[in-house]
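Each residue of the sequence shown is one higher than the one before, counting from 940 in our numbering.
Written below as structure tokens is the structure these notes are about.
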Amino acid sequence: MTKPADTFTALLHKAADILFVQNPQGTSLGAFGGVAADGAVRFFRPWFTQWKHVIDIDGMNALHWVAIGIVCLNIPALFRRRRLPDEIENAITSIRLARREGKISSVQEKMAWLALCNSMVEKANIATQRKPKAVNPHIPGG
């Protein structure tokens, strides 16, 4: 594949992840808000005619309003930093503090970062190995 296609696919995957996995409530509320906004705009259409030079309400349909609602309610999810588990946050803080206070050398600091990474990878490996097998209750023994 070409580089632009890979970049576009990665962007699309990230967008779908945010919309449907990280913030499904914001997505559904945004869709509902867009439908409600479309209804309100249609109800107040005579009043909006005086603002035609600012925004052309007649050129916008329900899908435009739904898209605006979804984007508006997912903006916080775009910029929200995922929080690490407390044990990792504490380990990072202690490594930085020890280095800042001069309690460890730069070599020891690098070794501490490496040890932290290794322990997290090990925990991830253990967690993936412990995944329970899917059991189908309709098949005897399976």
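By construction, the Cβ of each residue, glycine as well, lies at the ideal position given by its N, Cα and C atoms.
* When the distance is taken between beta carbons, is I1065 closer than 8 Å to E1048? -> No Cβ-Cβ contact shorter than 8 Å links E1048 with I1065.
Three or more C-beta pairs below 8 Å linking the region 998–1010 and the region 973–981
With the cut-off at 8 Å, the region 998–1010 and the region 973–981 touch.
- Task: Compute the Euclidean distance between the alpha carbons of L968 and W990, then round it to the nearest angstrom.
- Result: Taking the straight line joining both Cα atoms gives about 27 Å.
Checklist entry - Under 8 Å, do N1000 and I957 count as touching if we go by C-beta distance? => result Result no, Cβ atoms of N1000 and I957 do not sit closer than 8 Å.
Taking the alpha helix (DSSP H) that R1038 falls in, what are its first and last residues?
Element bounds for R1038: D1025 to R1039.
Buried or exposed by the 16-neighbour rule on C-beta atoms within 10 Å, applied to D997 | By the 16-neighbour rule on beta-carbons within 10 angstroms, D997 is exposed.
Using beta-carbon positions only, say whether A1016 and Q961 come within less than 8 Å of one another. Yes.
Query - Rounded separation between W1141 and D945 - CA only - result: In the structure as shown, the chain starts at 940 and stops at 1081, and residue 1141 therefore has no counterpart that could be examined.
- Excluding sequence positions up to five away, which residues of its chain have a Cβ less than 7 Å from the Cβ of D977? A1001 and W1004, listed in sequence order.
Apart from the five residues on each side of it in sequence, which residues of its chain come closer than 7 Å, Cβ to Cβ, to M1050? Non-local beta-carbon contacts of M1050 in its own chain, meaning distances under 7 Å to residues more than five positions away in sequence, are absent.
query = Buried or exposed: where does T1032 fall if 16 or more other Cβ atoms within 10 Å of its Cβ makes it buried?
reply = T1032 is exposed by the Cβ-count criterion.
Q: Would you decide whether G1041 is buried or exposed? Buried here means 16 or more other CB atoms lie within 10 Å of its CB.
A: Looking at its Cβ environment, which holds fewer than 16 other Cβ atoms inside 10 Å, G1041 is exposed.
Query raised in the report: What residue range is occupied by the uninterrupted alpha helix (DSSP H) comprising V1060?
Result: Element bounds for V1060: S1045 to Q1068.
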